[in-house]
Amino acid sequence: MSNSTQLASSSESQSHRDGFGRKEHFPVDERFNWFFHYRDGRLKRMRIQHADALGDRTALLLYTVAHLMPRAGRPWYRDPRAIALCIPGSIAVLLLLFWPARLDGKVRNHGNYDPVRYQHWGYPRVARNPKENASVAIREPNDDEVPLLAHGHSPGDIELASDPSHAELNNSWKATGSLGSQHSMPGDSGTIQRSLFPRYLCFPIDTTDDHGAKSFAYQTLSVEQWMEVSGEHVPPAFVFVSYTRLQFLDIKTATKRNLAHLQSHRPLLQSAIDATRQAQVPAFWIDFECVQDDRALDAADGTQADAFRICDIVTAAHSMAIILGPSLDNPREDFCNATKARWFAQWGQRLWTVPEALLCPSEHRISIYTVGSPGSPELVAKRNLPQRSWPEDAGNMRQLIDHYEGTIHLTQLELISIALSCMQRRLPGTTQLNPGDVSYALMGLLRRRPIVDTNDSDFEAFARLSLANDSDRLMERLLCMQPVNSTAQWHDTRDAWTMQLWDFEPSCQIAGIVDNRTVLLDGAYGATIRWSKLKKVESDKVWLIAAVSLLIAGAQSNLSNSTFAGGVALFAIVMVFNLTTPALIWRLYRGKMWSTQAFFFGMEGIPNLGEVERCMFGFNDNRLKWSPSGSTLSRHHLDLSDQERIADPPQLANNAPITASGKLLKVYTIVDTFTLTATAFYAERPPSVVMICGREGGMQRAVLCSYDFVTQTFVRETIVRMKTLVLDRMSRVDQFRFCLTRNGWSAKE
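This is the structure we're talking about:
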């Protein structure tokens, strides 16, 4: 099965393989209108019941008993209606006892929720375990099978990697500026190795013009070449030059944009040379001169290597210089303090300024060179950059800088989440080379860096980065968050319940990446939602009704008169007790339910919970309650008399759908018969399954998903919170495709 399923037209049908391997065809124009049947695993069409027309009713006997009971709040002897109906009602109940009917529901699945009969049949694009990738299974016909465990060692032996020789390390160092992948840490295959120094640098040289005046120029040399010429055994110190293309253009870019007449690169290079002289180092690094094609190295890494090792280069630098100038939109703007502040903020709009500022050395202050500024460059401490360069999120940037300066310590999860938020904010001000540029900038802050794939979407690039590193299950935590609106991007870490990423404890694992917005999840607790109609729910209650079989048998046989007399006496006793039968049945089927059959019932709209309870249990005894904090529609208040939290029904006008960001969202309600709670929520489509992916605040985060049979993917509709008790009646779901958004199969958004 292909990882990226092609979408067919609405008039076509699509083959689908169900959980037991059977193939059937279904119309593509109803791709989301199906669910897995709990019993046989076949794909069935969803039929949605409405809250105003519930699909099932209670047994006639219980219905009759309910109408014989006195009105709420009155004893029976003070209710004339109940007294008048006592005798005829008792006779009617006696007759109904002989009518075949099941008052209790059936026990199914040993009292557990209906399972999710799903089976994943394909390969992910990238598996967490590389042995499960499709590339391992695709071999030439004559290739031998490669065992998972190499031969030649006993099962208990520990094989130690041999240490590379000094000559090998030196050759690898000179060739690539990094330690070769053959000497990487165990499990680091498929990652970009860290650069210890840049491959190319710019070296200023002293020249004189035609009038004998001293001027500055530079030449770009490979570091290896410089070391051979100079006789040095270590790379030279250098200044890292940071700028923005909103203010300066290199020659190639200026020519491409027909802006070569601006000559904006000349003051940039002159300032870079001045910064090198001021720092008293032999070289400087600037991207458009020092990022050069090296096809032999690029073929090994799959892309232009230096472009994604800039974070290593700034770490190896002696110091950093920031060059500021007028915007290309207004190149004649003169220097003043106000324009300098504006130019500084414009520099901070670039994505790569975040890792550059975080990783540059702290022992030397950052030099700020401004075109047209008289006097010496301004020296700025790294910790003072946020309020000048990133005023909109200076607090987050200051936390990151303090972390790298050792003032505070951020956990890996906090570091990644805060840095991701800061980088995403700067993406609009950056010319994107690849959709995953944010992840490629972020990976400079992490140890293990997956090889760049320019075909990756932003989500795929980040997911691969997260899987390659110990990110404290960041991706799993992201799946548990309820977006504040339906158009929120995957990287938006704002939660509708205002929880943070570190507040979640995932209960599932991402086993692989399928495609854009789609991952392969494993180990989530799952259950199927029933939408067609309500069912009578079984509960642990035992009741006995005296029979008149002895009377009938005695009247129709040749037994003695004493036996018949005993039957008459028993019949008289039964008739006396029959007067109390309605009250006994009423008392028996009311009260607290213990160990009820677990179901998730769904319906469109906001139902009357009393009517729902009557359909399921026979009587409305106010046992079914609204969830106080199950969804964004949940409401609750404090009962001051009992100091108890009371859940209020959702306040909606006529169950009317709403339009959010161009999507029509309808209100649905899910009823949990095990915890006796109901939760209302908005969704674009009715979800067919409940997937428990994590927990926070003493509640489980349940992802409600619809099923797209074309891509065989569960698509997130919304997220609700459920009681932890539901896990006792749920089974885990094996690997399944999970998509964050309905348009997740598109290449880009």
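Numbering (my numbering), first residue to last: 4 to 752. For every residue, glycine included, the Cβ atom is placed at its ideal position computed from N, Cα and C.
Counting along the chain, where does the alpha helix (DSSP H) carrying residue i start and finish?
{"i": "residue 20", "result": "Residue 20 -> not in any alpha helix (DSSP H); beta strand (DSSP E) instead, spanning 16-20."}
{"i": "residue 441", "result": "440-445"}
{"i": "residue 423", "result": "415-428"}
{"i": "residue 407", "result": "397-408"}
{"i": "residue 730", "result": "Run containing residue 730: none; DSSP gives neither H nor E here."}
{"i": "residue 290", "result": "290-293"}
{"i": "residue 618", "result": "612-620"}
Report the CB separation of residue i from residue j in whole angstroms; it is logged as a contact under 8 angstroms.
{"i": "residue 677", "j": "residue 728", "result": "7 angstroms"}
{"i": "residue 606", "j": "residue 682", "result": "Not quite, the Cβ-Cβ distance comes to about 12 angstroms (not below 8 angstroms), so this is no contact."}
{"i": "residue 331", "j": "residue 436", "result": "Residue 331 to residue 436, Cβ: 19 angstroms. No contact."}
{"i": "residue 721", "j": "residue 743", "result": "With a Cβ gap of about 12 angstroms, residue 721 and residue 743 do not count as contacting."}
{"i": "residue 2", "j": "residue 529", "result": "The requested residue 2 is not part of the displayed model; the chain covers only 4 to 752."}
{"i": "residue 467", "j": "residue 459", "result": "7 angstroms"}
{"i": "residue 650", "j": "residue 634", "result": "Residue 650 to residue 634, Cβ: 11 angstroms. No contact."}
{"i": "residue 241", "j": "residue 320", "result": "6 angstroms"}
Compare the Cα-Cα distances from residue i to each of the options and report the closest residue.
{"i": "residue 602", "options": "232, 138 and 532", "result": "532"}
{"i": "residue 243", "options": "232, 465, 359 and 40", "result": "359"}
{"i": "residue 33", "options": "128, 45, 22 and 17", "result": "17"}
{"i": "residue 200", "options": "383, 273 and 293", "result": "293"}
{"i": "residue 273", "options": "394, 374 and 623", "result": "374"}
{"i": "residue 225", "options": "286, 467, 247 and 535", "result": "286"}
{"i": "residue 717", "options": "700, 23, 704 and 694", "result": "694"}
{"i": "residue 710", "options": "690, 696 and 454", "result": "690"}
{"i": "residue 456", "options": "450, 464 and 449", "result": "464"}
{"i": "residue 115", "options": "599, 137 and 714", "result": "599"}
{"i": "residue 777", "options": "622, 675 and 604", "result": "Any question about residue 777 goes unanswered here, given that the chain covers just 4 to 752."}
{"i": "residue 38", "options": "333, 534, 237 and 398", "result": "534"}
{"i": "residue 351", "options": "246, 422 and 454", "result": "246"}
{"i": "residue 325", "options": "692, 240 and 343", "result": "343"}
{"i": "residue 36", "options": "702, 687, 725 and 697", "result": "687"}
{"i": "residue 369", "options": "680, 609 and 388", "result": "388"}
{"i": "residue 1", "options": "377, 604 and 700", "result": "Because the chain spans 4 through 752 in this model, residue 1 falls outside it and cannot be assessed."}
{"i": "residue 198", "options": "311, 492 and 336", "result": "311"}
{"i": "residue 613", "options": "679, 668 and 642", "result": "679"}
{"i": "residue 453", "options": "469, 662 and 741", "result": "469"}
{"i": "residue 697", "options": "712, 735, 660 and 714", "result": "735"}
{"i": "residue 401", "options": "610, 428, 538 and 361", "result": "361"}
Per DSSP, what kind of secondary structure is residue i in: helix, strand or coil?
{"i": "residue 159", "result": "For residue 159, the pLDDT reaches just 49, beneath the cut-off of 50, and the residue's location in the model is therefore unreliable, although a value from the coordinates is still provided. Coil."}
{"i": "residue 320", "result": "coil"}
{"i": "residue 235", "result": "coil"}
{"i": "residue 268", "result": "helix"}
{"i": "residue 329", "result": "coil"}
{"i": "residue 506", "result": "helix"}
{"i": "residue 741", "result": "strand"}
{"i": "residue 471", "result": "helix"}
{"i": "residue 529", "result": "strand"}
{"i": "residue 735", "result": "strand"}
{"i": "residue 648", "result": "strand"}
{"i": "residue 689", "result": "coil"}
{"i": "residue 244", "result": "strand"}
{"i": "residue 38", "result": "strand"}
{"i": "residue 360", "result": "helix"}
{"i": "residue 350", "result": "helix"}
{"i": "residue 53", "result": "strand"}
Answer yes or no: the CB of residue i versus the heavy atoms of the ligand SAM, is any distance below 7 angstroms?
{"i": "residue 324", "result": "Annotation note on the ligand SAM: not contained in the displayed structure, which lists no ligands."}
I need the boundaries of the beta strand (DSSP E) containing residue i, first residue and last residue.
{"i": "residue 668", "result": "666-675"}
{"i": "residue 718", "result": "716-725"}
{"i": "residue 515", "result": "512-518"}
{"i": "residue 128", "result": "Note, residue 128: premise wrong, no beta strand (DSSP E); not H, not E."}
{"i": "residue 134", "result": "First-last for residue 134: undefined, no H or E at that position."}
The segment 494-514 touching the segment 27-37, judged by at least three CB pairs closer than 8 angstroms: Fewer than three beta-carbon pairs drawn from the segment 494-514 and the segment 27-37 are found closer than 8 angstroms, and the two stretches are therefore not classed as touching.
For the segment 119-134 and the segment 512-529, state whether three or more C-beta atom pairs, one from each stretch, are separated by less than 8 angstroms. The segment 119-134, when compared against the segment 512-529, does touch it at the 8 angstroms Cβ threshold.
Could you tell me whether the segment 223-242 touches the segment 347-355, where touching means 3 or more Cβ pairs closer than 8 angstroms? Taking one beta carbon from each stretch, the segment 223-242 and the segment 347-355 have fewer than 3 pairs nearer than 8 angstroms; the two do not touch.
Quick check: the segment 273-287 against the segment 382-396, are at least 3 beta-carbon pairs closer than 8 angstroms? Of all C-beta pairs linking the segment 382-396 to the segment 273-287, fewer than three are shorter than 8 angstroms, placing the two stretches out of contact.
Does the count of Cβ pairs from the segment 117-128 and the segment 520-532 closer than 8 angstroms reach three? Three or more Cβ pairs drawn from the segment 117-128 and the segment 520-532 lie within less than 8 angstroms of each other, which places the two stretches in contact.
Is it the case that the segment 614-623 contacts the segment 482-502, given that we only count it when at least three CB pairs across the two stretches are under 8 angstroms? Touching, no, given that fewer than three Cβ pairs across the two stretches are closer than 8 angstroms.
Three or more C-beta pairs under 8 angstroms: does that hold for the segment 313-324 against the segment 441-451? Result yes; three or more Cβ-Cβ pairs closer than 8 angstroms.
Would you check if the segment 411-418 and the segment 383-399 touch, i.e. whether three or more CB-CB distances between them fall below 8 angstroms? Counting Cβ pairs under 8 angstroms, fewer than three are found: no touch.
Cβ contact (3+ pairs, closer than 8 angstroms) linking the segment 475-482 and the segment 424-444: At 8 angstroms Cβ cutoff, the stretches do not touch.
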